[in-house]
Structures are given as C-alpha cells and as structure tokens.
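Undergrad: Chains as they are written, first to last, in the working numbering: chain A, 424 to 982; chain B, 424 to 982. No residue lacks a Cβ here, since even glycine has one placed at the ideal position from N, Cα and C. Remember, it's a predicted structure, so these values are computed and weren't measured experimentally.
Number of protein chains: 2
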Amino acid sequence: MSETLFSQHRDKLQAACEAIRTRAYWSGYPEVPSGKIYGETARKDGAAAFQGYCGSTFELDQPGAGGTVGSETSPFGLDLNIRYPQSDLASLVAAASDAQCGWRDVDLESRVGVCLEILERLNRRSFEMACAVMHTTGQGFMMAFQAGGPHAQDRGLEAVAYAYEELSRLPREAEWTKRVSKTDSITLRKTYRVVPRGIAAVVGCSTFPTWNSYPALFASLATGNAVIVKPHPGAILPLALTVRIARDVLREAGHDPNVVTLLADSPDAPRTRDLVTHPAVGIVDYTGGSAFGDWVEENARQAVVFTEKAGVNATILDSADDLKALTGNLAFSLCLYSGQMCTTPQNIFIPAGGITVGGEKLSFDDTANALIKAIDWLLSDPARGAEILGAIQNPATAARIEQAAQAGGTVLRASTPVVNEQFPDARVHSPLVLQVDASQTELFQKEMFGPICYLVKTADTAESIRLAAETARSCGALTSGVYTTDEATRAAAEQALINAGANISCNLVGPIYVNQAAAFSDYHVSGANPAGNATLTDAAFVTSRFRVVQSRSLVPAQG
Amino acid sequence: MSETLFSQHRDKLQAACEAIRTRAYWSGYPEVPSGKIYGETARKDGAAAFQGYCGSTFELDQPGAGGTVGSETSPFGLDLNIRYPQSDLASLVAAASDAQCGWRDVDLESRVGVCLEILERLNRRSFEMACAVMHTTGQGFMMAFQAGGPHAQDRGLEAVAYAYEELSRLPREAEWTKRVSKTDSITLRKTYRVVPRGIAAVVGCSTFPTWNSYPALFASLATGNAVIVKPHPGAILPLALTVRIARDVLREAGHDPNVVTLLADSPDAPRTRDLVTHPAVGIVDYTGGSAFGDWVEENARQAVVFTEKAGVNATILDSADDLKALTGNLAFSLCLYSGQMCTTPQNIFIPAGGITVGGEKLSFDDTANALIKAIDWLLSDPARGAEILGAIQNPATAARIEQAAQAGGTVLRASTPVVNEQFPDARVHSPLVLQVDASQTELFQKEMFGPICYLVKTADTAESIRLAAETARSCGALTSGVYTTDEATRAAAEQALINAGANISCNLVGPIYVNQAAAFSDYHVSGANPAGNATLTDAAFVTSRFRVVQSRSLVPAQG
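(1) For a cutoff of 8 Å on Cβ pairs, would you count B/THR600 as touching chain A?
(2) Taking a contact to mean a Cβ-Cβ separation below 8 Å, would you say A/LEU640 touches A/VAL650 in this structure?
(3) Ends of the beta strand (DSSP E) at A/ASP502?
(4) Quick check on DSSP: helix, strand or coil for A/LYS459?
(5) Quick one: which chain A residues come within Cβ less than 8 Å of B/LYS613?
(6) Do you know offhand how far B/ALA915's Cα is from B/SER742's?
(7) Judging by CA-CA distance, which residue of A/SER974, A/GLY933 and A/ARG975 is the nearest neighbour of B/THR404?
(8) Let's see if you can read the secondary structure: which residues bound the beta strand (DSSP E) around A/ILE773?
(9) My output table needs one value for A/LEU664: the three-state DSSP class, helix, strand or coil.
(10) Is the segment 575-584 of chain A close to the segment 456-465 of chain A, with three or more CB pairs under 8 Å?
(11) Closer than 8 Å, Cβ to Cβ, to anything on chain B: give me those residues from the segment 609-639 of chain A, in chain order.
(12) 8 Å is my cut-off, CB to CB: does B/ASN930 come that close to chain A?
(13) Give, in chain order, every residue of the segment 882-911 of chain B whose Cβ lies closer than 9 Å to some Cβ of chain D.
(14) If contacts are defined as beta-carbon pairs under 8 Å, then B/ILE773 and B/LEU749 qualify, I think. What distance do you get, rounded to the angstrom?
(15) Could you name the residues of the segment 845-870 of chain B whose beta carbon sits closer than 9 Å to any beta carbon of chain A, in the order they occur along the chain?
(16) I'd like the list of long-range same chain contacts for A/VAL978, defined as Cβ closer than 7 Å, with 5 residues on each side in sequence excluded.
(17) When we look at the beta-carbon of A/GLN769 and count the other beta-carbons within 10 Å, is it buried (16 or more) or exposed?
(18) Taking one C-beta from the segment 653-662 of chain B and one from the segment 553-561 of chain B each time, how about it: are there three or more such pairs within less than 8 Å?
(19) Okay, do the segment 798-816 of chain A and the segment 561-572 of chain A touch, 3+ Cβ pairs below 8 Å being the bar?
(20) Taking one C-beta from the segment 629-643 of chain A and one from the segment 444-458 of chain B each time, how about it: are there three or more such pairs within less than 8 Å?
(21) Quick one: using the 10 Å Cβ neighbour count with 16 as the cut-off for buried, is B/THR646 buried or exposed?
(22) Should B/GLY621 and B/ASN648 be called a contact, given that it needs their Cβ atoms to be closer than 8 Å?
(23) Quick check on B/LYS653: does DSSP put it in helix, strand or coil?
(24) For B/ARG970, which residues in chain A fall below 9 Å Cβ to Cβ?
(25) Determine, for A/GLU917, whether the minimum Cβ-Cβ distance to residues of chain B falls below 8 Å.
(26) How long is the line joining the alpha carbons of B/VAL535 and B/VAL583, rounded to whole angstroms?
(27) Strictly under 8 Å for the Cβ-Cβ distance: is A/GLU589 near chain B by that measure?
(28) Would you mind working out which of B/ARG433, B/LYS653 and B/SER713 sits nearest B/GLU731, comparing C-alpha positions?
(29) For A/SER974 and chain B, any beta-carbon pair shorter than 8 Å?
(30) Look at the alpha carbon of B/HIS432 and the alpha carbon of B/PHE568, and state the distance between them as a whole number of angstroms.
(31) Given a cut-off of 8 Å, decide if B/SER756 and B/VAL937 are closer than it, judged by their beta-carbon atoms.
(32) What does A/VAL603 reach in chain B if we use C-beta pairs closer than 7 Å?
(33) Taking one C-beta from the segment 783-791 of chain A and one from the segment 911-930 of chain A each time, how about it: are there three or more such pairs within less than 8 Å?
(34) Counting pairs of beta carbons, one from the segment 506-521 of chain B and one from the segment 476-493 of chain B, are three or more of them closer than 8 Å?
(35) Does B/CYS929 come out as helix, strand or coil in the three-state DSSP assignment?
(36) What do you get for B/LYS995, buried or exposed, if any count of 16 or more other CB atoms within 10 angstroms of its CB means buried?
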C-alpha cells in the first residue's frame with residue numbers, strides 16, 4: 424500500500440527534487456482558490472466542514488486522552504468554542520516510542536509515499552484549512568488559503584524532497600574488498616541502517632501554524648521519526664486537522680497512527696516546556712517568539728533544536744526610477760496581514776537629505792508622505808483593506824501599537840481601527856508609522872511585532888546600511904530590502920546584509936514582496952543571525968534528524 | 424594558483440566522491456611505509472626532520488606569539504623538549520576573523536584545491552609525521568605511520584569530499600519566473616552565498632591527534648571557515664606540523680595563512696575552555712574524554728558542537744567454527760596500542776555455560792584461557808609485542824591498570840611491564856584480564872581506558888546481548904562485536920546493538936579488526952549514543968558548518 428503511494432506521487436517528488444536543485448519557479452500545489460481546480464463545491468464544503476468544528480469536540484482517536492482542552496478565539500470575532508482531546512504527555516511519548524520502532528524500519532519509499540499522500544489529502548482540504556487558518560490566525564481569506572494551504576504544502580513537500588535526496592544517496596549495503604597481500608584479499612559485507620533521532624516535537628506558532636510547521640513535521644517523518652505536534656493554544660485547529668489526516672493515511676497504509684500525535688494545551692496549563700525537555704524527545708522544532716525560543720535552545724539540551732524566532736527587518740531607501748512603484752510595493756508589504764509576518768519590514772531607513780527619484784532629490788518628508796499615501800490608498804477600499812490587513816491575532820499586539828505610539832518618535836501616521844464589513848467584530852488596526860532619528864536605537868533596534876513601522880532618518884545611505892546590518896546582527900533579521908538605482912550602493916547593501924545573515928531583496932516592485940519566501944527557491948531564515956538557527960529548507964535541516972549505524976561481517980574466503 | 428591545485432587533484436577528489444557513495448574499498452594515500460612509494464630516503468629524512476624538532480623551538484610564524492610553551496614527553500622515553508610559539512587567544516581570533524573574510528569569498532574549487540594540496544603535502548611527510556605521532560602518542564611505528572599518516576589523510580579527504588558534494592550541489596544563482604496572470608510573469612534573479620559559521624575550533628586528543636582532527640579541520644576549511652587548532656598539550660607536534668604545512672600552502676596560493684592557526688597550551692595553563700566559549704567561535708570539534716566533552720557540549724552554547732567522547736565497547740562470544748581464529752583476532756584487538764583506542768573492546772561477554780566451538784561446548788574457563796593464551800602468544804615475540812603494544816601515552820593510564828586489578832573481579836591475567844628492546848625507557852604494560860560476574864555492573868559499566876579487559880560471565884547469550892546494548896545506551900559505545908555461528912543470534916545482537924547506536928562487527932577473523940574504521944566506507948561514531956554526537960563522516964558533519972544567504976532582484980520586464 425505505502426509503496427503504491429510512492430508510485431502514485433513519484434512524479435511530483437521527482438519534480439520537487441529537481442526544483443530544489445535548480446531553484447527555478449516550481450510549485451506542487453495550485454495556489455489559486457478556484458473551483459475549477461479544487462472542485463466546484465470545494466469552497467462551500469470547506470466552509471461547512473469548518474462550521475462543523477465550531478462548538479463541538481474535535482474527533483481524534485489517540486492515546487492518553489482524558490478530558491478536553493481548547494480556548495481558541497477568532498480574531499474575526501467568530502465564536503469558535505472548539506474542544507480538543509487532552510492527551511497526557513507520558514502516554515503520547517510512550518505511544519510515539521512504540522510507533523517509531525515500526526516506522527523506523529519501514530523502507531524509505533514507503534515512508535516517503537505516506538508523507539506525499541498526507542500532503543495530497545491536505546491539499547484537497549485546502550478550503551477547509553483556509554477557514555481554520557483564517558479564524559485562528561487572523562489572516563485574510565486569500566492569504567489563509569495560500570499560506571495555510573498550498574504554500575505550506577509546498578514547504579512540506581520541499582522537506583520531503585530534501586530528506587529523500589539525503590537518504591536515497593546512502594547505500595544500504597556495500598561489499599568492501601581490500602587486498603592484504605600479493606595473493607590475498609579480505610571482503611566485508613556492510614549494511615547501513617538509518618536510525619531516527621526522535622521522538623520529534625514540533626512546536627507551532629499562532630500566525631502561520633501550518634507553513635512554519637510542515638517542514639519540520641515532514642522532514643522528521645520522512646527520516647523515520649515519530650512526531651508529537653504541539654500547536655500554539657491560539658491556533659490548534661489547523662494542526663489538529665493536519666494530525667488527523669496524517670493519522671488516517673498512516674492507518675490506511677498499515678502503519679501505527681501514533682507516528683503522528685497531537686498535544687493540545689491551553690495558556691493556563693502549557694505543556695511545551697515538559698515536551699521539549701522530555702528525555703525521549705531527540706528533535707525539537709520551534710517557531711515563535713525569541714524569548715521562549717531562547718529558553719528552548721537553552722534547555723532542550725537532550726535534543727537537536729531547530730528554531731525560527733523573530734527578527735527586526737530593514738528596508739533601505741536610496742533611489743528609484745519610479746516612486747509610485749516603490750511605495751506601492753512597500754506599503755503592501757507593511758499592510759499585509761497587519762505586519763504579523765516574521766518577514767515584514769519594521770525599519771525603513773531614509774537619508775535625512777532624502778532619496779533620488781528619476782535623478783531628482785525627493786526630501787525625507789516627501790518620501791515619508793509618499794509611503795503613507797500609498798498605505799492610505801491601499802486601505803481606502805474597505806474590501807481590499809480588509810483582505811490585506813486581515814485581523815490582529817493577539818490582543819497583546821493591538822496593545823503594542825498603543826505603546827509604540829507613546830514610547831517616542833513622531834507619529835507620522837496614527838493607527839486607527841478599521842471596520843471589516845463582513846466581520847464587524849474583527850480586531851483590525853491600520854499600520855502605525857513613526858519617524859525616529861538614527862540615534863534612537865532604543866526605539867527601533869528591538870522587535871515591535873505587528874503593524875508598527877519606523878522611518879529612521881539617517882545621515883546617508885551608508886549609515887542606513889550600517890544600521891540595518893548592525894540590527895540584523897544583534898536582533899536577528901529574516902529579510903531585508905534595498906531600493907537603489909546605483910549599482911555600487913546595491914552591492915554594498917547586499918554585502919553588508921548578507922554578512923549579517925539577512926536575505927536581501929533588491930528593488931522589488933509589482934506583485935512580488937519582500938515578505939514572501941517561495942518554497943523550492945527561497946531559503947527562509949539563514950540561521951546566520953539571532954532570528955533562528957534553522958533554514959527552511961536546506962540539507963542541514965534534514966541531515967541531523969537521523970543517524971547511520973552499520974553492521975559488517977566477514978565474507979568467508981572462497982575455497 | 425588555487426584553481427590549478429584543484430585541477431591537479433581533481434581525479435583524486437572525484438574518486439573520493441565516488442567512494443563515499445559506493446562505500447566500497449578505496450584509499451587516496453598508500454598505507455605501506457615503503458621507500459618504493461614514498462622515496463628511498465623518506466624514512467631517513469623523516470626521522471632526521473623529527474630529530475631536528477627535538478630540543479628546539481618549532482618555527483611557526485603566526486600572530487600574537489610571545490614566549491613559548493611545550494611539555495610533551497615521549498611514552499617511549501625520548502627526550503623531546505620541543506617548544507612552540509605561544510600565541511594569545513585574542514590575537515588568534517582577530518587574525519582568524521580577518522582571514523575568514525577573504526577565505527569565505529574564495530570560490531569553492533580554489534578552496535578545495537588548497538585543502539587537497541595540504542593533504543598531498545602531509546602525505547609526502549608521512550614518515551616525519553609517523554615519528555611525531557609515535558613519540559607523542561605512544562603508538563608503535565607502523566600504527567603511527569598508518570593512522571597518523573595516510574589513514575588520517577584519507578579521513579581528511581573524505582571530509583573534503585563530503586563538503587564538496589554538499590556545496591557543489593548548491594546553485595550559485597537561479598532565475599525564477601512566475602506567471603502572475605494570463606499575460607504577465609515576473610522574474611527574479613537570485614544569488615545564493617555560502618556563509619561560514621566559524622571561526623572553527625578543533626580540539627585534538629593525545630592518542631590520535633591527526634586521525635581524529637583532520638575530518639573537522641578539512642570539513643571546516645572546505646566550507647569556508649578559518650580554523651584554530653588546539654592540540655592536546657601531550658601531542659602538539661603532529662598538529663603543529665599540520666598547521667605549518669597548511670599555512671605554507673595557503674600562503675603560496677595567495678591566501679591569508681591565518682586561515683589556519685595553532686593554539687598551543689600546557690597542562691598548567693590550559694586554553695580550551697576560553698577557546699570553545701569565545702563568542703567569535705561558531706564551530707567546535709572536540710575529541711577526548713567524556714567528562715570534558717560533556718563540559719564542552721554544556722558550555723560552548725554559542726557554537727555548533729561536534730564531539731567524539733568515550734565509550735564502553737562490547738564483544739559477545741556465542742559460538743565459532745575456529746577458536747584459534749577467534750581468539751587470535753580478538754587478542755590482537757585487545758593488545759593493539761595497549762587498548763588506547765576509542766574502538767577497543769573492553770567487555771567480553773561469555774555465557775557461564777561456555778561457548779560452542781565446531782558444535783562442541785567449550786567451558787567459560789576454557790574460553791577465557793584460550794583468549795589469554797592468544798594474548799600471551801602475540802606478546803611472546805618481543806619485537807612483535809613491542810610493535811603491537813606501543814607504549815602507554817599517559818601515566819594515569821598505567822595507574823588505572825593497578826587500580827582495576829584491585830577494584831574487584833578475579834585477575835585471570837595480570838598486567839606486567841614489558842621491555843621494549845629498542846626503547847628501554849618506554850612505558851609498556853601488557854593487558855590486564857579480569858573475570859567479573861554479570862551482576863558486577865559497577866566494575867564494567869564504565870570506561871576503563873587502557874589495556875584493561877573484563878570477561879563478563881553471563882547467564883546466556885541473550886543476557887550478553889542485553890548487557891552489551893544497555894552499556895552502549897548508558898555509557899556510549901563506538902564499536903561492538905559478536906562471534907556466533909547462529910544466524911538468529913547474529914540478527915538479535917545486530918538489532919540490539921544498532922538500536923543502541925553501536926556499530927557492530929560480526930565474526931571478524933584474520934587481519935581485520937573491530938578497532939579499525941576505514942575512511943570512505945565505515946562511519947566512525949554513530950552519534951546515536953553518549954559516545955559522541957558526530958559521525959566521521961556523514962552529511963550532517965559538514966552541512967551545519969555553513970549557511971546560505973540569498974539576494975534576489977527583480978528583473979525588469981522586457982518591453
């Protein structure tokens with residue numbers, strides 16, 4: 424059965440393997456939420472399935488369940504009231520250990536076949552997943568569909584491709600013949616066994632529960648580990664759905680479903696610390712805030728730990744040919760999902776003397792105004808604004824906007840509540856734009872998660888570059904951007920940011936944004952600054968999830 | 424120049440890359456210390472060069488040198504009295520940081536060319552290195568030549584091959600074109616830059632200063648890191664020689680020689696703790712005792728840490744066709760380099776009812792006696808005995824033999840001083856063989872480094888397997904062995920030991936020993952038990968020594 428799954432999905436896997444080598448555009452799952460692709464009733468069916476979860480107990484037949492847990496609230500104001508089975512950690516660990524013994528010995532193709540089938544089924548459920556992601560994270564529908572569905576599935580497939588490439592390159596056996604004298608030789612027959620390092624714990628975040636978890640989930644699964652998924656208590660449903668689908672596929676393919684289990688918890692009784700420090704847990708993947716991420720790195724000493732934490736991303740404005748194209752693109756990046764992406768720019772560095780546009784100087788103030796105008800225009804259409812902004816996932820983020828406005832700097836654009844006509848109770852605030860001086864590092868050299876943006880007035884672009892790189896080095900950065908028509912400035916910015924471990928995007932205009940990282944082509948998180956130690960996805964992300972242990976036997980000499 | 428080096432050594436690299444895929448027998452450097460291969464005067468020249476170091480100051484033109492350090496003593500009783508320039512850590516770190524900026528930007532082929540040329544020159548100096556290794560570690564000449572020379576070079580080449588495979592697979596750039604509407608598409612040009620994680624610190628051990636350091640040294644170098652080599656104060660010369668040769672090659676190829684530097688220290692003023700916890704150090708490779716290795720893992724939090732520590736290796740005796748072949752092979756493994764290999768068996772598990780030989784039962788006592796007889800025979804020829812035993816590297820090891828004899832169990836074979844006719848002052852002790860009961864785990868379930876062997880009387884082979892696996896799991900194990908003619912017993916032992924992360928050798932007889940791990944074929948240290956977290960060499964050993972940081976730019980649409 425599992426082998427059949429491998430054959431069924433082999434072409435897609437091979438295309439994915441090719442894509443991670445060339446890093447040209449490729450995608451395994453269609454990103455357009457169209458009935459023509461997903462079925463004419465897919466949207467309605469997905470919404471209905473989601474509605475079915477609300478107000479009920481999510482069915483998940485797994486060990487150690489007693490009582491339920493669940494306290495998700497929709498940033499769009501829906502009444503969710505979903506309860507999840509609460510499994511005790513000891514039972515889950517015991518079940519995962521047992522399951523891993525069998526899973527480890529499943530041949531590579533069968534294991535990978537199961538992973539690919541899970542992804543395929545997740546893909547078919549993308550509308551349902553979109554609703555689950557939207558109403559837990561606050562993403563607008565289109566983003567919830569794409570980032571929560573096909574793009575997350577692509578990231579999962581990418582991890583499977585990396586695991587497959589690394590594991591399929593290992594020989595399973597070898598004959599080793601060494602000449603030991605003029606007439607004699609010795610032969611050893613060697614077998615190499617892949618041993619999982621797990622149990623693997625995947626700790627999800629509240630803003631991108633699937634996109635940021637699938638690489639870890641699928642990399643660990645494909646390399647033979649059992650996985651315990653620990654969703655953020657604010658965004659359980661997307662991962663509960665994922666776990667249920669994974670368990671269905673495992674069971675149908677004849678494997679122990681406890682290869683994948685869910686550890687749901689609540690903010691009052693969090694279980695992450697116990698999970699990630701459990702002696703049986705050998706791999707931890709964590710996405711979330713830096714403070715707790717640092718704690719995980721510090722304390723989960725028995726495990727190999729992969730983290731994506733937070734950063735302070737910079738955009739450097741120097742010069743452009745087309746101001747509108749620049750501000751339009753940047754405004755969208757700032758507004759998208761209300762700045763709640765780990766890739767959103769926070770600090771926009773602008774020289775005090777302004778920038779050069781089409782050969783003419785544009786003052787600092789005019790540059791700032793142009794950017795604010797672009798933001799205002801984007802949000803001027805209520806439907807468009809609602810879709811772009813989504814909603815604020817966490818009330819703490821809304822409170823942070825207030826705090827930032829009070830903390831210092833000049834408010835150039837105040838954050839205002841925005842009405843979402845479809846969801847009147849949605850928590851929506853437009854971006855706050857502050858002007859600060861380059862010397863006010865205490866304000867902008869720290870992460871201010873949410874729709875908060877600092878326009879930093881610098882002496883010149885050289886200072887902008889220096890500050891952007893310094894911030895990346897000390898606070899971490901997942902992305903950076905530069906707008907310049909000068910080749911030497913571009914090269915200098917590139918060199919400085921790359922040396923600080925920040926991926927950089929140059930002169931983006933049109934419908935491609937610094938916030939976006941495409942599977943199979945863009946590395947997400949460099950691992951080379953404090954924003955995290957793991958990259959989605961490179962070889963290092965998979966190679967330490969397994970070990971090779973070998974057996975060798977003397978082959979008796981032929982008479 | 425560096426590129427020329429790559430062309431010169433390309434064939435060898437390609438053969439090495441092929442070998443790590445097939446894992447069939449291959450070697451890049453001849454292991455026979457023959458004048459026909461290395462030149463008729465090579466032996467004499469090597470000895471003379473070594474003599475030249477004794478009683479003088481080793482020349483090494485590197486930064487921050489002030490005063491000298493050096494307190495090596497020869498286990499064979501030679502008067503070494505070699506002084507090394509003592510560089511201060513801050514100066515070395517500053518120089519390495521500078522050097523790394525240039526080295527990082529050298530193209531892959533040139534970097535790899537330099538690595539291969541260093542290895543080639545090390546190979547030509549193998550006789551000189553043999554003397555250096557012999558008189559610091561106590562290895563007999565043949566082992567010092569092979570393990571210190573060509574086998575270590577093979578391990579270095581293997582690491583270069585892994586690094587080259589991983590890095591050459593990365594595209595340096597890509598064009599990424601995505602259709603965004605029926606008529607339009609967007610193109611990004613992306614470049615991917617390899618960023619070293621270092622500075623890399625390589626901490627050597629006193630018994631295999633080159634073999635255990637070269638994989639780390641060359642893996643870090645090939646991936647763009649500057650390397651600070653910190654030899655064990657008891658075995659500086661082999662690594663000082665290595666560093667000098669590396670610096671010569673770097674300089675001649677037009678690179679900053681400070682890409683490789685030496686931090687020599689003394690037992691009175693050790694520098695390892697400061698080095699491995701230095702904020703600028705991003706990679707630590709450590710080989711040595713478990714206690715300090717645990718400290719390194721615990722404290723070098725700013726770095727990725729690779730360790731090879733110690734283990735307690737087991738051999739399980741169940742049945743054999745040819746007793747003499749078994750005991751001859753095992754006795755050699757126990758005697759070789761006086762048990763000072765991390766791969767030497769310590770515990771020999773024998774059922775109380777004895778073993779089966781050629782279908783007949785052989786009692787526990789007769790089995791023990793046969794093994795002791797084989798040891799005695801090996802050592803009965805003084806020249807052969809001296810060559811096999813070598814000398815005891817550390818007086819603490821000699822003291823441990825005494826302690827073990829007193830601590831408990833029955834002495835079946837006492838350790839006695841052995842006279843080395845060529846070096847009358849050599850510190851040589853024959854193996855101590857103790858009989859213990861399976862219940863005396865406090866005696867044998869800990870590492871007793873040196874020529875100390877426990878024959879553990881078990882209820883049956885099932886108990887032998889259980890205890891061997893349990894010991895590997897709790898104390899670590901780098902190797903294990905089983906002798907059995909029963910296929911089911913072999914499979915059970917294999918399964919149990921592999922699950923405990925111990926590589927296993929089955930029914931070895933003749934001139935191939937459980938202690939030996941061959942580059943390009945055998946993985947050394949599984950990383951799956953407490954004996955260490957790194958494998959020489961697998962993909963995981965190289966992939967986290969570098970990161971990829973990317974830049975992407977919009978390609979303007981064609982008019």
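TA: Reading off the structure:
(1) Yes, its Cβ sits closer than 8 Å to a Cβ of chain A.
(2) yes
(3) A/ASP502 -> no beta strand (DSSP E), and no H or E assigned at all.
(4) Helix.
(5) ARG446, SER944 and ASP945
(6) 14 Å
(7) The shown model of chain B, from 424 to 982, leaves out residue 404 of chain B, and the question about it has no answer.
(8) 768-774
(9) Here A/LEU664 sits in helix by DSSP.
(10) no
(11) ILE609, LEU611, LYS613, TYR615, ARG616, VAL618 and ARG620
(12) Yes, contact with chain A.
(13) Absent from the structure: chain D. Protein chains present are A and B.
(14) About 12 Å separates the two Cβ atoms, so there is no contact after all.
(15) none
(16) Only THR610, LEU611 and ARG612 meet the Cβ criterion.
(17) buried
(18) yes
(19) yes
(20) no
(21) buried
(22) Yes, the Cβ-Cβ distance between B/GLY621 and B/ASN648 is below 8 Å.
(23) strand
(24) GLY924, TYR946, SER949, GLY950, ALA951, THR958, ASP961 and ALA963
(25) yes
(26) 7 Å
(27) yes
(28) B/SER713
(29) yes
(30) Taking the straight line from one Cα to the other gives about 23 Å.
(31) yes
(32) Those within 7 Å of A/VAL603 in chain B are PRO934.
(33) no
(34) The answer is yes - the segment 476-493 of chain B touches the segment 506-521 of chain B, with three or more Cβ pairs under 8 Å.
(35) strand
(36) Residue 995 of chain B lies beyond the stretch modelled for chain B, which goes from 424 to 982, so this question has no answer here.
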